[in-house]
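Numbering (this note's numbering), first residue to last: 564 to 933.
Comments concern the structure below.
Okay, structure coming up:
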């Protein structure tokens, strides 16, 4: 009888938190930390139009495992807008930025038309340094949803004005013409940016591949007058710009929030060009590996990767082989598919499960203690 009692208490001890904690430290990958850790930095990465099919296609055409395979926590989010089962990028990203479903075309405005403070604006107000790096124009729907408030995602020149007071410390993307060659007014927003303490540089005067961001308070770099080129046509700045922006923000005091977007995965889906999608996914993967390396070395940075929606209804057909896929697109528009979420670093465990896209906003805020 004594033996039985002894074995019973021994089994309780072996399941105690302290014993389990020791087991976890010996067996869990180094990027996984307790949710009670103080989360200094958040890197939020969006593959526009990137659903599971786009990830699968990239995986089956790559020679080595994708960077996404380094993430051991995976969740799924529901993408619908407030007024449509199928979201656009404006409503989809607004769900991330303000934590509310809104109508398609709306930027950081709820479905009743009320403007809401975005997570980037709140982070900036609380002392965090903030940034945006994209392969679209900087006024496109996804970046705009973090720094602008408008019922019309296509009001690019109005969005550019909003960016002046966004508090964003670094912005890298295309769309210079919406700042200095405007059609709706005669404003020169480049001059206004200088007055707001931004150093402004661009593709015309500086090759970004050779450019080093100076030690300045705020910085904006225009990678194109309008839309940047596709990766297949020589656009290479995303990996370098992402790490440059992260290092720029990391020099600040309290911590940082940055949104990085692989914008043109979506455009390949809209045009039903599988090679366009795959080249953008390849560029996205290169950037992501560099970012995960940085975060793993830092040890105090949460990285969350997801898409706002899926584009094109991509499917991989019978007869496909590794490195040689047969594919089909069912639409040139977005679909209502659920979208995977990948998380890496301290607080990653909060992103497992199935939830509304709005929950990502609250999970990111929790990570930053906002």
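Glycine residues also receive a C-beta, built at the ideal position from the N, C-alpha and C atoms.
Straight-line measurement puts the Cα of residue 638 at about 25 Å from the Cα of residue 830.
Rounded to the nearest angstrom, the gap between the Cα atoms of residue 616 and residue 645 is 25 Å. In this structure, the CA atom of residue 867 is about 32 Å from the CA atom of residue 752. Going by C-alpha positions, residue 715 is about 28 Å away from residue 877. Residue 724: member of the alpha helix (DSSP H) spanning 719 to 726, first to last residue.
Burial is judged here by how many other beta carbons sit within 10 angstroms of a residue's own beta carbon; residue 893 has fewer than 16 and is exposed.
In its chain, beyond the 5 residues on either side, 735, 736, 737, 766, 771 and 800 have a beta carbon closer than 7 Å to the beta carbon of residue 786. Note: residue 692 is bridge-paired with 819 in the DSSP secondary-structure output.
Per the DSSP secondary-structure output, residue 891 pairs in a beta bridge with 878.
With respect to residue 853, residue 821 sits apart: the two C-beta atoms are not nearer than 9 Å. In the three-state reduction of the DSSP assignment, residue 908 falls in the coil class, being assigned neither a helical nor a strand state. Relative to the Cα of residue 802, the nearest Cα in the group 915, 812 and 824 belongs to 824. When secondary structure is reduced to three states using DSSP, residue 776 falls in the coil class, being assigned neither helix nor strand. Contact between residue 914 and residue 610 does not hold, since their C-beta atoms are separated by about 15 Å, which reaches or exceeds 8 Å. Taking each of 643, 604 and 727 in turn and checking the Cα distance to residue 901, the smallest one comes out for 643. Sequence-distant partners of residue 808 (beyond 5 residues in either direction) whose C-beta falls short of 7 Å from its own C-beta, in its chain, are 694, 696, 733, 735 and 821. For residue 924, the enclosing alpha helix (DSSP H) covers residues 921 to 931. Here residue 703 carries a coil assignment [DSSP, helix/strand/coil].
The closest CA to that of residue 659, considering only 883, 761 and 869, is found on 869.
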